[in-house]
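In what follows, a structure is listed as structure tokens, so that the remarks can point back to it.
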Amino acid sequence: MDFMGQFRRRWWGRFFSLFWVALLSVGLFAACNQNSSPSSDADTPASEAAGGSLRLLYWQAPTVLNPHLSTGIKDIEASRLVLEPLAEYNADEELTPTLAAEIPSRENGGLGEDGTTVTWTLKDDVLWSDGEPFTAEDVAFTYDFLSNPETGATSTEFYGDIASVEAVDDQTVKITFSQPTPAWSQPFVGTSGMILPQHVFQDYVGAQARSAPANTQPVGTGAYQVVEFKPGDTIIYEPNPNFRGEPSAFERLELKGGGDAVSAARAVLQTGDADFAWNVQAEPAIIQGLEAGGQGEMRYVFKPLMERIFFNFSDPNQEVNGQRSSAETEHPFLSEKAVRQAISLAIDRQTITEQLYGEAGEVATNFIVAPDKYVSPNTDYEFDLEQAAALLDEAGWVDSNGNGVRDKDGVEMNILFTTSVNPVRQKTQEIIKQNLESIGLAVELKSVDASVYFGDPANPDSASRFNADLQLFAFDSETPEPDSYMQLYACDQISQKENQWGKENVSRYCNPKYEALLTQLGETLDPEARQALLIKMNDLLIEDVALIPLVHRSDPLAVSQTLSNLDFTPWSASTWKLNTWGSQ
Amino acid sequence: MTSAPPPNLKLARWRTAWARFCRDRMAVLGGLILLLILVAVLLGPVIYPISYSEIDVTQATAPPSWAHPLGTNALGQDQLARILWGGRVSVAVGITAMLVSISVGVLVGTLSGFYGGIIDQGLMRLTDLFLSLPQLPLLLLVIYLFREPVRAIAGPEIGIFLLIILLIGGLTWMTPARLVRAGFLTLKQRDFVTAVRALGAQPSRIIWGHILPNVIGPVTVAATLGVGNAIITESTLSFLGIGFPPDVPTWGRMLFDAQNYLVSAPHMVIFPGLAIFFTVLSINYVGDGLRDALDPQSNRP
Amino acid sequence: MLRYALKQALIAIPTLIAISIILYTILALAPGDPLGELASSPSLTPDVRENVRRALGLDQPAYIRYFKWAGSFVTGNMGYSFVSPVPVSSLILQRLPTTLWVVGLAYLLAIAIAFPLGILSALKRYSLLDQVVTTLTFVGFSIPTFFTGLLFIILFSVWLGWLPFIYDSTLQIRNFSSLLAQVKQSIMPIAVLGLFQAAVLMRYIRTAVIEELGADYVRTAYAKGLTGWAVVNRHVLRNALIPVVTLIALDIPTIFTGALVTEQVFRVPGLGSLLIDSIGRSDTPVIMSITFIYAILVVLFNLVADLLYGLLDPRIRY
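Chains as they are written, first to last, in full-length UniProt numbering: chain X, 1 to 584; chain F, 1 to 301; chain V, 1 to 318.
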């Protein structure tokens with residue numbers, strides 16, 4: 001036992017000396033640091049590559065560099081530096097060619113007379129970053145890749161009406177639709193249209209798609225190629241030597257992911273630790289404080305993205321056929337137009353927009369908020385508590401039992417109001433709760449974790465189940481032709497148990513007048529008639545208070561003062577023209 | 001020593017303990033502060049008339065003033081009213097969740113350490129399991145499975161409260177359990193315990209009278225840590241949608257909301273932080289005092 | 001003791017299998033969706049959702065998915081992540097060095113601070129030093145690490161401009177200046193984490209030492225005429241170490257799972273941020289692999305703690 005005692009004592013000694021050494025070394029590190037000059041970043045090898053390095057911050061980190069397999073916009077932002085679509089809409093909503101030589105039109109024969117075909121002519125001097133030539137076969141292959149159900153591509157919705165995609169010759173690709181399609185410019189355009197190289201992906205169509213090495217080491221036609229990719233963390237890019245255009249002003253791009261939006265904004269605006277930060281939504285007071293740092297400024301790119309309130313037109317408190325919020329039921333009070341009008345009047349959109357979004361948002365009054373040509377000029381917005389209360393009085397909703405909450409025929413105006421967990425949404429909820437309680441409604445707030453709320457509808461807390469009276473979230477119509485967005489209020493899109501709550505009409509709204517216009521829209525090819533029709537549909541929804549538009553949102557970008565020649569568009573990734581950015 | 005002391009002796013022992021406790025200045029001070037906090041959160045919202053939820057954006061992030069003694073938050077809501085109102089939830093959750101965690105931990109640790117063998121084996125493997133559970137998915141699962149039933153049984157507020165303290169307690173009892181077990185392992189071989197055992201004392205008497213008082217030290221630390229932890233965890237839970245509705249201003253939530261205003265409106269951070277700090281600190285001193293008062297070996301004057 | 005260790009190791013295997021089944025069940029039942037992020041976009045129709053689920057293998061029953069995962073875990077590649085199409089093992093290996101460097105060093109720092117201060121504050125109980133240390137410790141408990149982190153950033157990065165607050169994981173140490181850069185970017189995360197853990201440990205060490213100081217044998221030792229430090233070193237510390245060893249054994253596995261909040265604040269690409277991102281996206285293969293490795297470490301280190309008790313106090317029987 002004495003041996004053990006000795007052992008223990010010795011062990012003790014070592015234990016202590018080890019930690020003192022550790023302590024000393026840590027102290028030494030700290031001491032070294034204080035001797036160095038404040039301009040510390042100059043020491044990193046990243047910046048050793050002369051002023052030619054650009055540091056991008058994405059608080060959501062990209063995890064895959066194949067946009068067709070991506071589960072979020074962050075991946076598309078990162079992929080766009082390497083991969084390109086045929087064409088993209090610019091900020092003026094004009095379609096501009098990227099890999100295409102020109103935009104198809106009636107005049108140049110690109111668009112078929114009957115509206116079922118579109119023929120793209122491609123640029124002829126394009127090489128993939130590995131030196132292979134880019135041809136129409138690659139476009140046709142991309143369609144084969146993403147339309148194969150085994151691939152599990154997330155972009156297929158924009159390719160739904162396609163009958164075939166064929167390479168006529170090396171520079172010509174012809175798309176045939178199964179019916180006349182006004183939205184011919186959806187496939188191979190914008191964020192969902194990036195072209196994949198056939199020679200790299202041909203063995204990875206279908207079930208093998210996810211094991212393709214090029215999902216993390218992409219080969220593209222864009223201005224950059226990937227040197228190093230750590231999923232969920234960092235991507236290092238350098239210029240693509242085979243790129244057809246002007247060489248980039250930057251010899252190296254570092255895209256760093258993770259963290260939170262405010263600290264990303266801080267790094268660009270206040271300390272200059274980064275040059276560009278994406279999607280840094282934060283309260284205006286915070287952003288203003290950071291902007292005072294003078295290292296950078298905010299840019300707001302308004303998207304077809306709108307924060308809105310969804311009404312539940314069915315009854316969430318009554319179970320019919322094994323489901324709550326069954327389309328066969330009617331909401332006890334939200335199905336009355338006067339009540340919806342009163343709620344709309346009682347919500348202070350101005351305060352919500354100014355206090356919570358600042359320059360990053362505008363008060364929304366329409367269902368369609370972009371593109372400009374489809375935005376209705378006929379709608380208006382009012383905040384008037386008195387008028388709201390008067391409307392409810394008129395409709396017979398008064399506080400008859402003196403409990404502080406309006407009621408009628410024994411039905412109390414109790415509202416359960418849900419949204420996803422997000423600080424701005426929780427504050428919006430609080431403001432709206434106060435608004436509505438001031439006109440005599442009782443409001444209970446609930447917030448649900450975003451992955452549950454927007455996730456599998458099997459969960460009763462998900463937004464598509466809508467087991468509540470009001471919901472708050474944003475919706476992005478993504479493409480300049482809002483045809484699929486208009487389906488949001490179609491009767492056959494009502495989310496129900498029968499379709500596993502997989503459809504998009506979560507409000508369970510069904511209006512024959514709107515249905516008629518929807519049918520008409522599918523048959524209208526003439527651009528001007530479409531414009532008038534879409535505005536009419538928008539006005540119908542707004543007039544009927546099918547929803548309450550709150551805030552038209554932008555993508556808030558933080559950019560360094562040292563960057564110039566920036567070009568952003570709502571219809572593509574913010575990195576789409578990064579190769580033309582300049583640095584002072 | 002083997003037979004139960006007569007009641008008056010037992011009483012005398014408690015009296016001595018109480019006297020010892022009273023002599024510990026820090027413990028008494030801690031007790032007073034804790035009492036003050038309890039009274040403040042219980043009666044505060046009654047006495048202090050300003051609403052905790054009233055929004056006034058013209059007063060957003062205002063520094064402390066006569067109208068708002070602790071300033072306002074980003075929506076112009078009164079911070080003092082929020083601290084008092086939210087304190088009810090935070091203090092109640094903090095203390096009860098800690099009690100749940102400590103009780104379960106002490107029970108498991110005691111059984112495991114005292115009886116050893118197969119009981120020890122089983123309980124320690126269970127501890128291993130609980131330590132390795134991924135908390136976030138588990139919480140989401142629990143909400144999914146139990147929120148509605150619990151609401152239906154116990155009502156919305158009490159139901160959520162019970163669920164929260166059981167969850168926090170159920171996910172944090174492992175550290176006290178391992179600590180108590182380690183204490184038992186060393187103590188049950190010590191001379192004084194062996195002696196009592198040889199005299200034929202009941203296991204419960206040995207546990208309560210001789211070993212537990214000796215492991216109360218680490219348990220106290222675990223308890224004080226547990227309170228602060230539970231207050232912060234509660235706010236995390238409400239972010240997951242399991243806790244109280246988002247408009248209930250608990251201390252943890254106020255801290256989270258304030259984090260980006262650290263420079264522009266430091267009062268938003270400082271006051272909820274101080275509230276948690278004083279609660280935890282006072283509980284610690286009370287715990288320390290109790291430890292000394294109850295420790296049979298302690299001979300501090 | 002060797003027999004005890006062997007027996008425990010044998011028991012550990014069925015324990016771990018049971019744990020893995022329970023973990024998988026929880027993950028399979030827990031709500032959440034790998035496609036949650038895309039949901040508020042009109043592009044995610046039920047067909048697309050169904051195709052993606054099939055491509056990820058989510059259409060199969062849970063027990064088959066479990067066996068597939070178990071098979072791939074045993075062979076070492078741990079299956080493919082749902083969101084980044086690379087093997088889980090490569091994701092973990094990519095982040096392990098950073099995690100060990102930051103979180104591991106932070107823990108060493110915590111121990112190096114906590115031991116001397118904890119012992120001193122116990123020996124000089126109620127002294128000024130003890131009061132100051134105690135107060136600071138409690139400030140540490142009551143302020144969550146995200147706050148300390150933010151405070152450090154504002155102080156050292158924004159106001160003083162000494163330290164960068166974005167951790168660059170691509171930095172390669174090739175010369176003195178890159179070593180310096182590495183050290184500079186590590187100081188804040190290590191300090192924030194280390195100080196918090198030091199506060200916790202210090203409290204336990206202080207209490208444990210106080211506990212032992214009151215024991216009879218210590219008084220006997222003093223009576224024998226031994227000097228203060230000798231008594232402490234030879235008698236008190238060894239016994240006081242038992243709760244501390246318990247605690248450290250509980251903490252070491254958490255070094256592996258990283259430090260969630262601190263990693264987030266300083267953008268340190270460690271396993272903690274990988275785990276939380278994966279949970280947010282319901283990336284079951286990643287979550288399962290990380291938590292199961294963690295479970296292995298938990299079982300292992302609790303066993304090590306049990307063995308150390310015997311080493312520290314030979315009287316201990318299990």
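Idealized CB from N, CA, C, for every residue including glycine.
Give the straight-line distance between the Cα atoms of residue 228 of chain X and residue 128 of chain V, rounded to the nearest whole angstrom. As a position in the first sequence, residue 228 of chain X is number 228, starting the count at 1. As a position in the third sequence, residue 128 of chain V is number 128, starting the count at 1. Whole-angstrom Cα-Cα distance: 54 Å.
Going by DSSP, what residues sit across from residue 296 of chain X in a beta bridge? Here the question's residue 296 of chain X lines up with position 296 in the first sequence. In the DSSP output, where bridge partners are listed per residue, residue 296 of chain X has X/560.
Chain X contacts from the stretch 266-277 of chain F (Cβ-Cβ distance under 9 Å): none
In terms of residues, what are the limits of the beta strand (DSSP E) holding residue 54 of chain X? Walking along the first sequence from the start, residue 54 of chain X turns up at place 54. Segment 53-58, the beta strand (DSSP E) holding residue 54 of chain X.
Proximity winner among V/83, V/20, V/107 and V/298, relative to residue 63 of chain V (alpha-carbon distances): In the third sequence, counting from the first residue as 1, residue 63 of chain V sits at position 63. The residue among V/83, V/20, V/107 and V/298 with its C-alpha nearest the C-alpha of residue 63 of chain V is V/20.
Kindly identify the DSSP beta-bridge partner or partners of residue 7 of chain V. Counted from its first residue, the third sequence places residue 7 of chain V at position 7. According to DSSP, residue 7 of chain V bridges with nothing at all.
Compute the Euclidean distance between the alpha carbons of residue 35 of chain F and residue 24 of chain F, then round it to the nearest angstrom. Position 35 of the second sequence holds residue 35 of chain F. Position 24 of the second sequence holds residue 24 of chain F. Distance between the alpha carbons of residue 35 of chain F and residue 24 of chain F: 17 Å.
C-alpha distance - residue 54 of chain F paired with residue 80 of chain F, whole-angstrom precision: Reading the second sequence from its first residue, position 54 is the one you call residue 54 of chain F. Reading the second sequence from its first residue, position 80 is the one you call residue 80 of chain F. Cα to Cα, residue 54 of chain F sits roughly 13 Å from residue 80 of chain F.
Helix, strand or coil: which one does DSSP assign to residue 211 of chain X? Numbered from its first residue, the first sequence carries residue 211 of chain X at position 211. DSSP places residue 211 of chain X in helix when its eight states are reduced to three.
Test item: CB-CB of residue 583 of chain X and residue 557 of chain X under 8 Å: As a working mapping, residue 583 of chain X is identified with position 583 in the first sequence. As a working mapping, residue 557 of chain X is identified with position 557 in the first sequence. Against a cut-off of 8 Å, the Cβ pair of residue 557 of chain X and residue 583 of chain X comes out as no contact.
Own chain, CB closer than 7 Å to residue 300 of chain F, minus 5 neighbours either side, in chain order: Taking the first residue of the second sequence as 1, we reach residue 300 of chain F at position 300. Legend: pLDDT at residue 300 of chain F = 42, less than 50; position of this residue unreliable, value from coordinates given subsequently. Taken in chain order, the residues that qualify are 292.
Tell me whether residue 20 of chain F sits in a helix, a strand or coil according to DSSP, three-state version. Position 20 of the second sequence holds residue 20 of chain F. Correct three-state label for residue 20 of chain F: helix.
Show which residues of chain V have a CB atom less than 7 Å away from the CB atom of residue 228 of chain F. Counting from 1 along the second sequence, the entry for residue 228 of chain F is found at position 228. Simply 141 and 142.
Residue burial classification, residue 407 of chain X (beta-carbon count within 10 angstroms, cutoff 16): Locating residue 407 of chain X in the first sequence gives position 407, counting from the first residue. So residue 407 of chain X ends up on the buried side.
Interface residues of chain F around residue 32 of chain V at Cβ under 8 Å? For the purposes of this step, residue 32 of chain V is taken as the residue at position 32 of the third sequence. Per Cβ cutoff of 8 Å: 137 and 140.
Shorter than 8 Å from the beta carbon of residue 78 of chain F to some beta carbon of chain V? Residue mapping note: residue 78 of chain F aligns to position 78 of the second sequence, counting from 1. For residue 78 of chain F, the answer is no, since every Cβ of chain V falls outside 8 Å of its Cβ.
Run the CB neighbour count on residue 573 of chain X, radius 10 Å, all protein chains shown included, and call it buried at 16 or more, exposed below. What you label residue 573 of chain X is simply residue 573 of the first sequence in a count that begins at 1. Buried, since its Cβ has 16 or more Cβ neighbours within 10 Å.
Could you tell me whether the Cβ of residue 257 of chain F comes closer than 8 Å to any Cβ of chain V? Here residue 257 of chain F refers to the residue found at position 257 of the second sequence. Not an interface residue.
Find the residues of chain V that neighbour residue 211 of chain X, judging by a C-beta separation of less than 8 Å, and give them in chain order. The residue given as residue 211 of chain X occupies position 211 in the first sequence. Near residue 211 of chain X (Cβ distances below 8 Å), the residues of chain V are 80 and 85.
Residue 581 of chain X in three-state terms, based on DSSP: As a position in the first sequence, residue 581 of chain X is number 581, starting the count at 1. The answer is coil: DSSP assigns residue 581 of chain X none of H, G, I, E or B.
For residue 416 of chain X, which residues does DSSP report across the bridge? Taking the first sequence and counting its residues from 1, one reaches residue 416 of chain X at position 416. Residue pairing of residue 416 of chain X in beta bridges, as defined by DSSP: X/444.
What residues from the stretch 97-130 of chain V come within 7 Å of chain F, judged by C-beta to C-beta, listed N to C? Per Cβ criterion, the list is empty.
Here's a check: name, in chain order, each residue in its chain whose Cβ is nearer than 6 Å to the Cβ of residue 376 of chain X, leaving out the five neighbours to either side. As a position in the first sequence, residue 376 of chain X is number 376, starting the count at 1. Here the set comprises 366, 535, 538 and 539.
Measuring CA to CA, which of F/260, F/255 and F/289 is closest to residue 277 of chain F? As a working mapping, residue 277 of chain F is identified with position 277 in the second sequence. It is F/255.
Reducing DSSP to helix, strand and coil, say where residue 284 of chain V ends up. Numbered from 1 along the third sequence, position 284 holds the residue referred to as residue 284 of chain V. In the structure shown, residue 284 of chain V sits in a helix (DSSP, three-state: H, G or I).
Is the Cβ-Cβ distance between residue 228 of chain F and residue 141 of chain V less than 8 Å? Within the second sequence, numbered from 1, the residue matching residue 228 of chain F stands at position 228. Within the third sequence, numbered from 1, the residue matching residue 141 of chain V stands at position 141. Yes, the Cβ-Cβ distance between residue 228 of chain F and residue 141 of chain V is below 8 Å.
Once DSSP output is grouped into helix, strand and coil, what is the label at residue 278 of chain X? Along the first sequence, read from residue 1 onward, the residue named residue 278 of chain X stands at position 278. Three-state result, residue 278 of chain X: strand.
So, are the CB atoms of residue 215 of chain F and residue 180 of chain F less than 8 Å apart? Looking up residue 215 of chain F in the second sequence gives position 215. Looking up residue 180 of chain F in the second sequence gives position 180. Yes; because the gap between Cβ atoms is below 8 Å, this pair is in contact.
Look at the alpha carbon of residue 151 of chain F and the alpha carbon of residue 501 of chain X, and state the distance between them as a whole number of angstroms. As a working note, residue 151 of chain F is residue 151 in the second sequence. As a working note, residue 501 of chain X is residue 501 in the first sequence. Rounded to whole angstroms, residue 151 of chain F to residue 501 of chain X spans 25 Å at the Cα level.
Just the C-alpha distance for residue 306 of chain F and residue 98 of chain F, rounded to the nearest angstrom, thanks. A question about residue 306 of chain F goes unanswered here, because the residues of chain F that appear run from 1 up to 301.
From this set, V/169, V/170, V/304 and V/59, which residue's C-alpha is nearest residue 249 of chain V's C-alpha? The residue you call residue 249 of chain V lines up with position 249 of the third sequence. When only C-alpha atoms are compared, the closest one is V/304.
Residue 433 of chain X to residue 78 of chain X, Cα distance in whole Å? Here residue 433 of chain X is taken as the residue at index 433 of the first sequence, counted from 1. Here residue 78 of chain X is taken as the residue at index 78 of the first sequence, counted from 1. As the crow flies, the alpha-carbon of residue 433 of chain X is around 39 Å from that of residue 78 of chain X.
Kindly give me the distance between the Cβ atoms of residue 206 of chain V and residue 122 of chain V, rounded to whole angstroms, as I take these residues to be in contact under 8 Å. Stepping through the third sequence from its first residue, residue 206 of chain V is reached at position 206. Stepping through the third sequence from its first residue, residue 122 of chain V is reached at position 122. At roughly 5 Å, the Cβ-Cβ gap stays under 8 Å, so residue 206 of chain V and residue 122 of chain V are in contact.
What are the uninterrupted segments assigned as alpha helix (DSSP H) that are 4 or more residues long and contained completely in the stretch 103-131 of chain F, given in chain order? Uninterrupted alpha helix (DSSP H) stretches at least 4 residues long and entirely within the stretch 103-131 of chain F do not occur.
Alpha carbon to alpha carbon, how far is residue 70 of chain F from residue 271 of chain F? Give it in angstroms, no decimals. Residue 271 of chain F sits at position 271 when you count from the first residue of the second sequence. Residue 70 of chain F sits at position 70 when you count from the first residue of the second sequence. Looking at the two C-alpha atoms, the distance is approximately 7 Å.
Ordered along the chain, which non-local residues of its own chain (more than five positions away) have a Cβ less than 6 Å from that of residue 83 of chain V? As a working mapping, residue 83 of chain V is identified with position 83 in the third sequence. In chain order, 281 and 283 place their CB closer than 6 Å to the CB of residue 83 of chain V, counting only its own chain and leaving out the 5 sequence neighbours on each side.
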